[in-house]
Each structure stands twice: as structure tokens, then as C-alpha cells.
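Engineer: Once you've had a glance at the structure underneath, I'll fire off some questions.
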Amino acid sequence: MPELPEVETVRRGLSPVMEGARIVRADIRRDGLRWPFPDRMADRLTGARVLRLARRSKYLLADLDTGETLITHLGMSGRMLISGHALGKFHHDHPAPEKHDHVVLDMENGARVTFNDPRRFGAMDLCDTAGLDAHKLIRVLGPEPLGNAFDEPYLMDALKRRNSPIKTALLDQGIIAGLGNIYVCEVLFRAGIHPTRKAARLSSTRAAGLVPIIRDVLGEAIESGGSSLNDYRQADGELGYFQHNFRVYGREGQPCVTQGCTGKIRRITQSGRSTFYCAQCQR
DNA sequence: GTTCTTACCTGAGGGC
DNA sequence: TGCCCTCAGGTAAGAA
1 MPELPEVETV
11 RRGLSPVMEG
21 ARIVRADIRR
31 DGLRWPFPDR
41 MADRLTGARV
51 LRLARRSKYL
61 LADLDTGETL
71 ITHLGMSGRM
81 LISGHALGKF
91 HHDHPAPEKH
101 DHVVLDMENG
111 ARVTFNDPRR
121 FGAMDLCDTA
131 GLDAHKLIRV
141 LGPEPLGNAF
151 DEPYLMDALK
161 RRNSPIKTAL
171 LDQGIIAGLG
181 NIYVCEVLFR
191 AGIHPTRKAA
201 RLSSTRAAGL
211 VPIIRDVLGE
221 AIESGGSSLN
231 DYRQADGELG
241 YFQHNFRVYG
251 REGQPCVTQG
261 CTGKIRRITQ
271 SGRSTFYCAQ
281 CQR
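The UniProt record's numbering numbers the first residue of the first sequence as 1 and each following residue consecutively.
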């Protein structure tokens, strides 16, 4: 599931083949994914040079020399595949497009970038780079958890006014941008906070304590993705998914990893999503 | 205004 | 082997 760390890993993997390179061909293989693709997307991409590949929350942002930015969201199952580039060298050998390959970008350097998304929850849009912050998907986002605007006073204040469970509040992209179901579970476990606890009822000390934990969990995941990036990409050209060692996520019924704890990991449903936690460690 | 539920979508995995 | 059912989850829109 692409959350912030996975998207950042994808960005780092795409950067050497896309940044500074011109798109010589854009093959748009369907009308859209979650939403229709923008008008004349192929025309607007063809010939454009990628100036910079950035990330905001879970969105990949490719600034083009046409004054537009290509916004990409990987949704639930989106992947970026690179062909024609291995061991730092470019070639022009590409596999035939497969099912669910929706957008294929050929770069002038010979690399091919393919957006594959079986569940089609992903999205692509184009907007003026100058107006990016006002884009409907971007303007509703809260601060970046790894950025300077996200700090203890901010989070304490944001949580204080939320009556929803802390799990739900941390999933709210307007409070923090980029956390998804998996990392919220991991963060709450490390913080020792029960997922059903009301956000507003958290002590300011515990709310503030979430800030460094969120940074640590995301930072470690990015590092783990980055360190496995090269080997992984050389294997099959795929970016974005790595087997992290989760402490609670997906571990229902298994023993808690905390030393001395005899509890087992439980699974409950909150807002239609699975929450994993240890009832002994998290209160 | 806030919070909760549902729809979107396909593949994987379990049960029979 | 194959069919049916459930589940996974980011986001938006509608409901409560």
C-alpha cells in the first residue's frame, strides 16, 4: 500500500531516469483511472521536459518546462515500472505493455516509465505549476510530517479539537499529510496509545510525543525502501513495494513484540479499516 | 460542523 | 479444479 514512504521511494527511483529528461512519447491507454485524465494529456506531456520530481504527501509531482505539473497518485495498487534503464545505463529494450499498464511515458534517454494500477484507485492530473497549491487535491492537505511546519504545538492543537478516535484523526490528511492505515497502526503501537482513545482526550504530553514517533516510523520506512531500492529495481524494474517489518500491522493473533508483554495482537474495525494493536501495551 | 458509511475496483485467499 | 464470498484500502460524496 503506497503511503508516504513508498511514494518517496518511488520518487527517488524515478528521479535518475526522469529529471532533466524530455518525454518523447506519452501513451495514454485508457480514459482515466479514479477520475478521467485531463484533456489532451498525451499532447500536453509529449515534448515536455521534466524539470523536477517532487512529492507532496502521497502525490508525485513532476514539474514540466511547459509550466505545468503532472500530479500522480498511486491509489491502492499503483506501481511505477522502469524499463530501458539498468545498472545506471540506458537502453531501448522494453517489454510489451501488460494488462493494467495505463500510462506509458518514453523518455528521450531511452527509459520507459509505466504506470500500472490493477485496482484503478490511482489518479493523474495536470495543472499550472504556479497554481499547484490551490489544486483541489493539494489544498486540503495538512503539513508534511517530515517538514518544519509539523511540530508538537501544531499537533497538540489539531488533536485537541477532534472528538474522533486518535486512529481516525491521524488518518485525516488534513491534519497530517501522508499517513495511511499501516503506519498509523505502527505509530500508535510505538506510542503506547490505544487506537480508540479520543484524540481530544489525549494528554498534551502524549500528543506531543507522537511527533518524533511519526518522524521515526516514516524515516525508517523511507530508509528501508531506499536501501533496498537498487537491488529491487535491478531485479524486475518495479518500484514501490517492500516488505517492511511491521510490529502490529497484519499480525492479528500473534504475540506482541514488546519484551515481557504476554499480550496478543488484536484486530478491530474503525471507520471501515482494520486496526491492529496490543491491548496490554496500548492504553 | 463533525463524524460515519458507502462506492469505487480487482486480485488474493479461504471455504466448500 | 472451480466457483463464490470476503477482504484489502485512499479518497470523495452522501448520510447521519
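We treat Cβ as the ideally placed atom computed from N, Cα and C, and that holds for glycine.
Can you find the residues in the same chain that come closer than 7 Å, C-beta to C-beta, to Val257, ignoring five residues on each side of it along the sequence?
Structural biologist: Correct list, in chain order: Arg247.
Engineer: Could you check what DSSP says for Tyr232 in three-state terms: helix, strand or coil?
Structural biologist: No answer about Tyr232 holds up, because its pLDDT of 38 lies below 50 and its placement is not dependable.
Engineer: Please determine if the region 106-124 and the region 19-37 are in contact, where contact requires at least 3 C-beta pairs separated by less than 8 Å.
Structural biologist: In short, these stretches touch, since the Cβ pair count reaches three.
Engineer: If I'm right that Leu218 touches Pro145 with Cβ under 8 Å, what's the distance once you round it to whole angstroms?
Structural biologist: The Cβ separation is near 6 Å, so the contact holds.
Engineer: Just to confirm, are Leu137 and Tyr59 a CB contact at a threshold of 9 Å?
Structural biologist: Their beta carbons are under 9 Å apart, which means Leu137 touches Tyr59 by this criterion.
Engineer: Counting only the same chain and skipping the five closest in sequence on each side, list residues whose C-beta sits under 7 Å from that of Phe37.
Structural biologist: Excluding sequence neighbours, Phe37 sits near Ile28, Asp31 and Met124.
Engineer: For the beta strand (DSSP E) holding Phe115, just list the boundary residues, first then last.
Structural biologist: Where Phe115 is concerned, the enclosing beta strand (DSSP E) stretches over Arg112 to Asn116.
Engineer: Given this structure, state the Cα-to-Cα distance separating Pro5 from Gly78, to the nearest angstrom.
Structural biologist: Going from the Cα of Pro5 to the Cα of Gly78 covers about 14 Å.
Engineer: Would you identify the three-state DSSP class for Thr69, choosing helix, strand or coil?
Structural biologist: Residue state, collapsed to three classes: strand.
Engineer: Extract the residue ranges of the alpha helix (DSSP H) inside the region 106-168, only unbroken runs of 4 or more that lie entirely within it.
Structural biologist: Correct list: 152-160.
Engineer: Let me check understanding here. Comparing Cα to Cα, which of Ser83, Ala177 and Leu188 lies closest to Ala96?
Structural biologist: It is Ser83 whose Cα lies nearest to the Cα of Ala96.
Engineer: From the DSSP output, which residues share a beta bridge with Leu64?
Structural biologist: Per DSSP, Val50.
Engineer: Go to Ile176, then tell me how far its beta strand (DSSP E) extends in each direction, as first and last residue.
Structural biologist: Looking at the DSSP string, Ile176 is not in any beta strand (DSSP E), and its letter there is neither H nor E.
Engineer: The beta strand (DSSP E) spanning Met80 covers which residue range?
Structural biologist: Met80 -> beta strand (DSSP E) spans Arg79 to Ser83.
Engineer: In this structure, does DSSP put Arg28 in helix, strand or coil?
Structural biologist: First, the residue type needs correcting, since residue 28 is Ile and not Arg in the sequence shown. DSSP places Ile28 in strand when its eight states are reduced to three.
Engineer: Could you tell me if Glu3 is buried or exposed, where buried requires 16 or more neighbouring beta carbons within 10 angstroms of its beta carbon?
Structural biologist: Classification of Glu3: buried, given that the 10 Å Cβ count is 16 or more.
Engineer: Nearest to Gly180 by alpha carbon, out of Met41, Met76, Leu53 and Arg49?
Structural biologist: Taking only the C-alpha atoms, the option nearest Gly180 is Met76.
Engineer: So, helix, strand or coil for residue 287, using DSSP?
Structural biologist: Because the chain is modelled from 1 through 283, residue 287 falls outside the range shown and cannot be assessed.
Engineer: Kindly indicate which three-state DSSP category Ile213 falls into: helix, strand or coil?
Structural biologist: Correct three-state label for Ile213: helix.
Engineer: If I measure Cβ to Cβ from Glu152 and keep anything under 6 Å in the same chain, skipping five residues before and after, which residues do I get?
Structural biologist: The answer, listed in chain order, is Ala208 and Val211.
Engineer: Starting from Phe189, trace the beta strand (DSSP E) in both directions and tell me its first and last residue.
Structural biologist: First-last for Phe189: Asn181 to Ala191, but that is the alpha helix (DSSP H), not the beta strand (DSSP E).
Engineer: How should Ala221 be labelled, buried or exposed, when 16 other C-beta atoms within 10 angstroms of its C-beta is the threshold for buried?
Structural biologist: So Ala221 ends up on the buried side.
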